Amino acid sequence: MSTELTDLSLLELSNRLSEGTVTSRDATEACLRRIGEVDGTVRAFLRIDAEGALARADAADARAREGARLGPLDGVPLALKDNFLQEGRIVSAASKMLEHFVAPYDATVVQRLEGAGAVLLGHVNQDAFAMGSSTETSAFGCTGNPYDVTRTPGGSSGGSAAAVAAREIYGAMGTDTGGSIRQPAALTNTVGLKPTYGRVSRYGVISYASSLDQPGPLTRTVADAAAMLQVIAGVDEKDATSAPHAVPDFSAHLDRGVEGLRIGFVREHLGDGVDPEVRDALLAAAEAYEAMGATLVDVELPYSRQALATYYLIATAEASSNLARYDGVRYGHRAASPEDLNALYARSRSEGFGPEVKRRILLGTYALSAGFYDAYYVKAQKVRTLIRGDFDQAFQKVDVLMGPTSPVPAFKLGEKLEDPLAMYLMDVFTLPCNLAGLPGISVPCGFTGGGLPIGLQLIGRPWDEAGLLRVAAAYERHAPHHRRAPTL
Amino acid sequence: MPIADFQPVIGLEVHAQLLTDTKLFCGCPTSFGAAPNTQVCPVCLGMPGVLPSLNAQAVRFAVRTGLALGCRVREQSAWSRKNYFYPDLPKGYQITQFERPICEGGALVVDAPSGEIRVRLHHIHIEEDAGKSVHDAEGGASLVDLNRAGVPLLEIVGEPDLRSSEEAAEYLKALRDVLMYLGVNDGNLEEGSFRCDANVSVMPKGSKTLGQRVELKNINSFRFVRQAIDYEIARQVDVIESGGTILQETRLWDTVRGETRAMRSKEDAHDYRYFPEPDLPPLRISPELIESERAQLPELPRALRQRLMSQYGLAADVAGVLTSDRALVTWFEETAALTPDARRVANWCQGELLRVLKETGTSLQALKMTPAMFARLLQLVENGTLSQNAAKDVLDEMVRSGREAQVIVEEKGLGQINDEGAVAAVVDEVLGAHAAEVEKYRGGQQKLFGFLMGQVMKALRGKGNPQLVNRLLRDRLEG
Amino acid sequence: MSRLTLDTVRHVARLSRLALTEAEEEATRKELEAVLAAMDAIAQVPTEQVEPTSHALLIGALWRADTVRPGLTNEEALANAPQARDGSFAVPRVIE
């Protein structure tokens, strides 16, 4: 019974809440039961606020009874990645540094979700400070992939992806700096949407790299992602980089199909290092689009080969500065009886940060330090301009770009943890999109022979999430892989 | 080589707190003197997840200042992060402007006693202030108060165009006056809303190569500016004379010991890792904003001083005192428009009016007396109704009660007796009563004139018009 | 040939306020060297005429009205502080 209710998509649940055939309390309790059943294996949730969630569910039910639902998210249980601040709740970015940090305010995204009536059930696991591609750098243990719990759900939003895939929750918020929403979505047969940079407020989201970070939803269907984006999108006075652009109806064109659209196929993204099964799935998806009436155009993004180096120099430089605030003075981990101020800083930070975070802080500090700034940081910013230029040219010819989200399906937990470069390569197809600020989405694209999910990545023009979602929805209708639930 | 053979070269960096209601990047108040950590929010505490949200008024104030000082205002400037660890710096970086500041160039012309000095400006930029650490008496801890963290500052960086500590102090006063006229700064050195760092170097006179400069911090009064710079000049000359070299360093002015000393906390200050602030898009200033600020620029102190001198014939020092406070000039001009003798008004404004304001702890804005009332008081002096001394008493009473001069004069019977017949009668009476003294005076004891004058004034209870008494007495004694 | 010296690693660790043991210093040196070698790819890209990008999309900065907003009480401000005294955050004595 509980499995049945949690199997519904976000919008399917929402429709039943509107009809009154299901209550939000039913759905919330079903999620809590499901979490009780499977989360011991999946290990997606770090903290659950059952009491608060049920209270919000009851309030949503009262509104539903009065015919005054606030919108599609009213009464829908959702989860937050552990970097979204929620007032009065511990939010740790899955780090020891913030293990006991109680958020003193709400992130704008949290305010908007709560304002829309969403039932925020708890915080889910991630790579510490969103630095990682496997959720293994979390200070609180790794999360398992629901399709094979010995494998990674991807990262850094691995907890969000795993919880959604495991039918523990109807949708979850993630953040994407270099692929941290899309890559886990690809590895868990879920939909992950990274909006255009500036579309969704970053206020109250623990920063990794400010010029690249963007919050977005992970859901089981494209329409669900559109519904969540609708609520969280829009300018925010508290985020100077949020865009004053009008927020369109993201669901308006979901059913329009792709007839007449031009889809750019990034052939370079099917080259060396790409798993043959991933390649085959992508070629099949391309054929499907052609069959649906789209024109496939081969597109080159020559500078995207430089994206990995560009990304890591810029992201770590920004991170080294963003993470300077964790000094053991106002909040966070503080070393015991430091002998002086510098010992307080150095020991608190060394104890509170994990190895990957330290590695990136050191790399970023190096890239910004005197004598290296021009060779590394400024150089990377210039190459970033060239990478953007590639996309500008491509979008003169096509409406949307397609390629694999991840070069490989879910890998074994522990397999790449000791090899940072191998891990960084997991983001090679997703990070150009962040460097250019473009919207990108990963949609389920089938399974390997071993039953591991494969993701299709689509990249759109700036501010054209609606067009991107339209193309994604067409494929989802054609090949509804999302219906294949994991066996847990 | 004696110290007189060295040429000091000084450049000042002024930090002026912008008179906004809220901080640069959050809605916390900026007022001084609140209990520690009570004017703070997640943003200025540098909590996880916070982002800066730019205060528009701070930008307008910066543009206004740049225009007043003849700077080029950039259409697009950029924000940078200056990275260093310090307890009063919550985020571990300061948001400032580095590569592309909002204003560049410009100059301030200063009328110093030594003559006119033109100090070129390198640039002006906006940045956020840090908090404050104070030592805890017990326990060897420092306590951090972040009320100031995020308060908007304008940093005005001057070129090394100053040649003495006196010139430095004159420049600072002139700059402070300009900022106060613009309404962008309250000029309060004690509360730290106007403070400066000085870059000081010395070189042999006639040399063209600048010496190694040393940065002096913590100079928070005009007196300390002179003391700190003079101390530093002497210290540098000593070091050079004894064969040493000047180190590039930051030194702190110790007001208690009256000396400068190297700052330990700035040891790794040389690598601030500036980079563009990713949380703030570049700052674009529209031509409309520039024009609207330009249109509202007030008359600045130096131009105003020159106008007061030419329009009213005021002496430079009097004009200088008046223009030290823009409100005083307004008061002067409003009063002067109602009286024939502007110079008398100016003298009274810079003298008695300032005295009574100081004594009563009142401001011009809170004064119950209007310029028109003040003008009528001066009229009573002009037409001889009141002596200078009596007028001062009346002024005190006007400031206290807000009543008209005429009313006070009548009530207290303070008016001078100008009636020639009445005064003459008293003079005759006094001369009659002191026939012996009159005889002696006429016999050559001229000093008795003062005695007789005193007797007449006494009989008139001090209210006789002195000039009138003097004339009538002299007429009768000589005649 | 090593391009990254231990001295550089120590300098960067000091700037980052991270304490590394001697073993960590050497491990970090090797690791950063490998990562930097991968980063070298971009050194070959000609960029003489290219402007750097610091923000992905050029959006004009939003400005906020100069209006006071409620902040945190002193108690709320210090709620997460590991050490506080007299309404302030306490740190080991600062020497200027």
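Protein chains in written order, with our numbering: chain A, 1 to 488; chain B, 489 to 967; chain C, 968 to 1063. Heads up, the beta-carbon is just placed ideally off N, CA and C, and yes, glycines get one too. Since we're looking at a predicted model, the values are computed, not measured.
Output needed for Val538 (chain B): all residues of its chain with C-beta closer than 7 Å, excluding positions within five of it in sequence on either side, in chain order.
Correct list, in chain order: Pro530 and Val531.
Give the residues from the segment 191-225 of chain A that approach chain B closer than 8 Å (Cβ to any Cβ), ordered along the chain.
Here the close residues are Arg202, Tyr203, Gly204, Val205, Ile206, Ser207, Ala209, Ser210 and Ser211.
If you check the beta carbons only, do Pro764 (chain B) and Ser568 (chain B) fall under 8 Å apart?
It is a contact, given that the beta carbons lie within the stated cut-off.
With a threshold of 8 Å between beta-carbons, can Ala1057 (chain C) be considered close to chain B, or not?
At least one chain B Cβ lies under 8 Å of Ala1057 (chain C).
Going by Cα to Cα distance, which pick from A:Tyr312, A:Tyr311, A:Lys397 and A:Leu270 is closest to Pro407 (chain A)?
Pro407 (chain A) has its Cα closest to that of A:Leu270, out of A:Tyr312, A:Tyr311, A:Lys397 and A:Leu270.
Which residues in chain B sit within 8 Å of Arg1036 (chain C), going by Cβ to Cβ distance?
Within 8 Å Cβ-Cβ: Thr510, Cys514, Gly515, Cys516 and Cys529.
At a CB distance below 7 Å, what residues from the segment 996-1007 of chain C approach chain A? Give them in sequence order.
Correct list: Glu998, Leu999, Ala1001, Val1002, Ala1005 and Met1006.
From the DSSP secondary-structure annotation, give me the bridge partner or partners of Phe84 (chain A).
DSSP, once it has assigned bridges, lists A:Val205 as partnering Phe84 (chain A).
In three-state terms, what does DSSP make of His434 (chain A)?
A small correction: the amino acid at residue 434 (chain A) is Asn; His does not occupy that position in the sequence shown. It is helical.
Answer yes or no: do Arg739 (chain B) and Leu704 (chain B) have a C-beta to C-beta separation smaller than 8 Å?
Yes, Cβ-Cβ distance for Arg739 (chain B) and Leu704 (chain B) is below 8 Å.
Between the C-alpha atoms of Thr316 (chain A) and Arg749 (chain B), what's the straight-line distance to the nearest angstrom?
The straight-line gap from Cα to Cα measures roughly 37 Å.
Which chain A residues are close to Leu1024 (chain C), counting only those with a beta carbon under 8 Å from its beta carbon?
Near Leu1024 (chain C) (Cβ distances below 8 Å), the residues of chain A are Thr196, Tyr197, Gly198, Ala243, Gly437 and Pro462.
So Ala163 (chain A) packs on Ala309 (chain A), CB below 8 Å; how close in whole Å?
The pair is not a contact, with the Cβ atoms about 33 Å apart (cut-off 8 Å).
Check the Cβ-Cβ distances between Val329 (chain A) and every residue of chain B, and say whether any is below 8 Å.
Chain B contact via Cβ: present.
Checking contacts by CB at 8 Å: is Leu85 (chain A) closer than that to chain B?
Yes, Leu85 (chain A) counts as interfacial toward chain B.
Less than 8 Å between the beta carbons of Tyr303 (chain A) and Asp390 (chain A), yes or no?
Cβ distance < 8 Å, so Tyr303 (chain A) and Asp390 (chain A) count as in contact.
Beta-carbon of Ala240 (chain A) versus every beta-carbon of chain C: anything under 8 Å?
Output row for Ala240 (chain A): interface = yes.
Residues of the segment 576-591 of chain B with a CB closer than 8 Å to any CB of chain C: list them in chain order, please.
Residues: none.
Tell whether a beta-carbon distance below 8 Å holds between Ile905 (chain B) and Asn953 (chain B).
It is a contact, given that the beta carbons lie within the stated cut-off.
Would you call Ala472 (chain A) buried or exposed, if buried means 16 or more other Cβ atoms sit within 10 Å of its Cβ?
That one is buried.
Anything in chain A within Cβ reach of Met751 (chain B), meaning under 8 Å, just list it in chain order.
Result: empty, since nearest Cβ-Cβ is about 14 Å, beyond 8 Å.
Under the three-state reduction of DSSP, which class applies to Ser2 (chain A): helix, strand or coil?
Low confidence applies here, because Ser2 (chain A) scores a pLDDT of 44, under 50, leaving its location unreliable; read the following figure in that light. Three-state result, Ser2 (chain A): helix.
Grab the span of the alpha helix (DSSP H) containing Ser653 (chain B) for me, first residue to last.
Unbroken alpha helix (DSSP H) run through Ser653 (chain B): Ser653 to Leu670.
Opposite Phe447 (chain A) in the DSSP bridges: which residues?
Per DSSP, A:Pro453.
Apart from the five residues on each side of it in sequence, which residues of its chain come closer than 7 Å, Cβ to Cβ, to His478 (chain A)?
Ala288 and Met292, listed in sequence order.
Find the nearest neighbour of Leu960 (chain B) within the set B:Gly909, B:Asp649 and B:Arg711, judged by alpha-carbon distance.
When only C-alpha atoms are compared, the closest one is B:Gly909.
Identify, in the order they occur along the chain, each residue of the same chain with its Cβ nearer than 7 Å to the Cβ of Arg25 (chain A), setting aside the five sequence neighbours on each side.
Same-chain partners within the cutoff: Leu54, Ala57, Asp58 and Asp61.
Run through the segment 538-577 of chain B for me and flag every whole alpha helix (DSSP H) of 4 or more residues, listed as ranges in chain order.
544-556, all fully within the segment 538-577 of chain B.
Less than 8 Å between the beta carbons of Ala107 (chain A) and Val205 (chain A), yes or no?
Yes, the pair counts as a contact, with Cβ atoms nearer than the cut-off.
In angstroms, rounded to a whole number, what distance separates the CA positions of Val38 (chain A) and Leu488 (chain A)?
Distance between the alpha carbons of Val38 (chain A) and Leu488 (chain A) is about 7 Å.
Are Pro859 (chain B) and Thr811 (chain B) close, meaning C-beta to C-beta below 8 Å?
No, they are not a contact pair.
Could I get the ranges of all uninterrupted beta strand (DSSP E) runs contained in the segment 209-242 of chain A, with 3 residues as the minimum, in chain order?
With a minimum length of 3 residues, the continuous beta strand (DSSP E) runs that stay inside the segment 209-242 of chain A are 214-219.
What are the residues in the segment 290-322 of chain A lying within 7 Å of chain D by C-beta distance?
The structure shown contains no chain D; its protein chains are A, B and C.
Would Pro530 (chain A) and Leu1039 (chain C) qualify as a contact pair, given that the criterion is a beta-carbon distance under 8 Å?
This structure cannot speak to residue 530 (chain A), because chain A is shown only from 1 to 488.
Per DSSP, Glu615 (chain B) forms a beta bridge with which residues?
DSSP, once it has assigned bridges, lists B:Leu641 as partnering Glu615 (chain B).
Leaving aside the five residues before and after Met1 (chain A) along the sequence, list all residues of the same chain whose C-beta is less than 7 Å from its C-beta, in chain order.
For Met1 (chain A), the predicted structure reports a pLDDT of 42, less than 50, and the residue's modelled location is therefore unreliable. A value from the coordinates is still provided. Excluding residues within five positions, none has a Cβ falling inside 7 Å.
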